[in-house]
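For any residue, its number in my numbering is found by taking its place in the sequence shown, counting from 1, and adding 244. For each residue, glycine too, the CB sits at the ideal point set by N, CA and C. Report on one structure; see the data block that follows.
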Amino acid sequence: MLVPFLDLGATYKELKTEIDEAYFRVMNSGHYILGKEVESFEKEFAQYCGTSYCAGVSNGLDALVLLLRAYGVGEGDEVIVPSNTFIATWLAVTAVGATPVSVAPAPGTYNIDPEKISSAITAKTKVIMPVHLYGAPCEMDKIMKIASEHNLIVIEDAAQAQGATFKGKRAGNLGHAAGFSFYPGKNLGAYGDAGAITTNDPKIFEKVCHLRNYGSPEKYVHKYQGHNFRLDELQAAFLRTKLRHLENWNQKRKVIAKQYFEGLAGLDLTLPAQDSESASSSWHLFVVQTSRRDELRKYLAEKGITTLVHYPIAPAKQEAYEAKGSFVEKEAYDATGVLSLPIGPHMTTEMWKLVISEVVNFFKT
Ligand SMILES: *Cc1c(COP(=O)(O)O)cnc(C)c1O
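The structure is reproduced here in structure tokens:
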């Protein structure tokens, strides 16, 4: 048996009738960009997140860029970001000309340490951009408190956290605004590139709607030097279909995570933080840590189990940020030995059982 890390085709096979119906609905409509499907998806996703507004955009990186621009962040401003994240978080900050100031994760978690945020704040700080990495929600109550004390904006990078909750609220509704990615591999994924912003602020929503569409409040009238960061009707129609199944899929991920916690306990392996009363992960990834990472990875590959590393090189160590002064690092961070085990709605019971038994075998021999 092979255990793929992800099987993107599985959702199409599962939902073929519904997806095909969505495809033909759009094709026959004769309208392909920013139309009824996008509007409906925006309403449905806002409702899912519990926010007043959602705007569909081209992808997750563009969602973050649009929010930074909507809040007027640019050259000379600093944005506090986690030191360990997918590089898009940093790229959004530098795309608007601002400087990323990186803060290390809290002990025992992979998320930004609220205790360390305060000392990273300067007169130039405008925004805190926490990332719910691997789907685990950040300690947003603490982060919002620090932000309000310093008059800062909090933009969630919720790209990996569709459906994650913190103290009863969903990701996307935990800061002033949030950026989502619907890259195919995310918990809610399109069949191409797509993204969204969510917020309760009508002004930010309106400005993002203008900025995503050439800065245009109405056709051929341009209020801002905007972008073409629009969402198309086909992706919106696919996302509407898949959104109806997201809770079910996230539940499957939760069950697999629970099995991993039980089956992998007691090994010489660091497991991720478990869900608590206040925090419930979307289990986008199940990341373990071991000093024998490469050896374990090779062993599992030989057994037909695909694993990945998120992420092999931190943003601060990338050539993209080699130039002196392109970022400020508060504390060097090295996530050595992280390994992502397969998790997702495509996995059968036999699959996660095999993953557990092979990881156990590796450490017992
Ligand atoms: C995927 C991802 C993004 C970027 O999303 P795209 O849709 O690929 O542009 C941003 N931040 C994080 C944490 C991500 O995982």
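Worksheet item: What separation, rounded to the nearest whole angstrom, lies between the Cα atoms of T295 and T514?
Response: Along the sequence shown, one-based indexing puts residue 295 at 51. Along the sequence shown, one-based indexing puts residue 514 at 270. Looking at the two C-alpha atoms, the distance is approximately 35 Å.
- Query: Can you tell me the Cα-Cα spacing of E322 and V345, whole angstroms?
  - Reply: What you label residue 322 is simply residue 78 of the sequence shown in a count that begins at 1. What you label residue 345 is simply residue 101 of the sequence shown in a count that begins at 1. Approximately 6 Å between the Cα atoms of the pair.
Where T369 and S570 are concerned, what is the direct C-alpha to C-alpha distance, given to the nearest angstrom? To locate residue 369, count along the sequence shown from 1; it is residue 125. To locate residue 570, count along the sequence shown from 1; it is residue 326. Rounded to whole angstroms, the separation of the alpha carbons of S570 and T369 is 15 Å.
Is it true that the CB of L305 sits closer than 7 Å to the CB of A336? Start at 1 with the first residue of the sequence shown, and residue 336 comes out as number 92. Start at 1 with the first residue of the sequence shown, and residue 305 comes out as number 61. The answer is yes: Cβ separation under 7 Å.
Assign F268 to one of two classes, buried (16 or more other C-beta atoms within 10 Å of its C-beta) or exposed (fewer than that). Mapped onto the sequence shown, residue 268 falls at position 24. Burial call: exposed.
Q.
Measuring only from the beta carbon, is Y427 closer than 6 Å to any heavy atom that is part of ligand 1?
A. Residue numbering aside, residue 427 sits at position 183 when the sequence shown is read from its first letter. Here the distance from the Cβ of Y427 to the nearest heavy atom of ligand 1 is below 6 Å.
Going by Cα to Cα distance, which pick from A350, A342, G318 and L311 is closest to P326?
-> Here the question's residue 326 lines up with position 82 in the sequence shown. Cα-wise, what sits closest to P326 is A350.
Subject >> Cβ-Cβ distance between Q533 and V604 below 7 Å >> reply: As a position in the sequence shown, residue 533 is number 289, starting the count at 1. As a position in the sequence shown, residue 604 is number 360, starting the count at 1. Taking 7 Å as the Cβ cut-off, Q533 and V604 do not qualify as a contacting pair.
request  = Name the residue from A438, S460 and P374 whose alpha carbon lies nearest to the alpha carbon of N303.
outcome  = Looking up residue 303 in the sequence shown gives position 59. The candidate whose alpha carbon is nearest that of N303 is A438.
Worksheet item: I399 to V465, Cα distance in whole Å?
Response: For this step, residue 399 is matched to residue 155 along the sequence shown. For this step, residue 465 is matched to residue 221 along the sequence shown. I399 and V465 have their C-alpha atoms spaced approximately 29 Å apart.
Nearest to G300 by alpha carbon, out of I390, P374, A364 and K451? Within the sequence shown, the letter at position 56 stands for residue 300. It is K451.
Review point. Just checking my contact of L215 with F426 at CB under 8 Å: how many whole Å lie between their CB atoms?
Key: With the chain covering 245 to 609 only, the question about residue 215 has no answer from this structure.
Starting from L308, follow the alpha helix (DSSP H) in both directions and report where the run begins and ends. By one-based count along the sequence shown, residue 308 stands at place 64. Where L308 is concerned, the enclosing alpha helix (DSSP H) stretches over G304 to A314.
M384 burial status per 10 Å Cβ neighbour count (16 or more: buried) = Counted from its first residue, the sequence shown places residue 384 at position 140. Counting Cβ neighbours within 10 Å, M384 comes out buried, since at least 16 surround it.
I want to check one thing, is the minimum distance from the CB of L305 to the heavy atoms of ligand 1 below 6 Å? Here residue 305 corresponds to residue number 61 of the sequence shown, with the count starting at 1. Correct: L305 has its Cβ closer than 6 Å to ligand 1.
message: Could you tell me the alpha carbon to alpha carbon distance between E288 and G407, rounded to whole angstroms?
response: The count along the sequence shown starts at 1 and reaches residue 288 at position 44. The count along the sequence shown starts at 1 and reaches residue 407 at position 163. Each residue's alpha carbon lies about 13 Å from the other.
Distance cut-off 6 Å: G548 Cβ against heavy atoms of ligand 1 = For the purposes of this step, residue 548 is identified with residue 304 of the sequence shown, where counting begins at 1. Outside the cutoff, so no.
In this structure, does DSSP put C298 in helix, strand or coil? Locating residue 298 in the sequence shown gives position 54, where the first residue counts as 1. If DSSP states are grouped into helix, strand and coil, C298 belongs with the strands.
Cα-Cα separation between G318 and V309, rounded to whole angstroms = To locate residue 318, count along the sequence shown from 1; it is residue 74. To locate residue 309, count along the sequence shown from 1; it is residue 65. In a straight line, the C-alpha of G318 is about 10 Å away from that of V309.
For the beta strand (DSSP E) containing Q562, list its first residue and its last residue.
Locating residue 562 in the sequence shown gives position 318, counting from the first residue. Q562 -> no beta strand (DSSP E), and no H or E assigned at all.
Open item on the list: Using a Cβ distance threshold of 8 Å, determine whether the segment 563-577 contacts the segment 486-503, with at least three qualifying pairs required.
Closed with: Contact fails: fewer than three Cβ-Cβ distances are below 8 Å.
Could you give the residue range of the alpha helix (DSSP H) that holds P446?
Locating residue 446 in the sequence shown gives position 202, where the first residue counts as 1. Element bounds for P446: P446 to L455.
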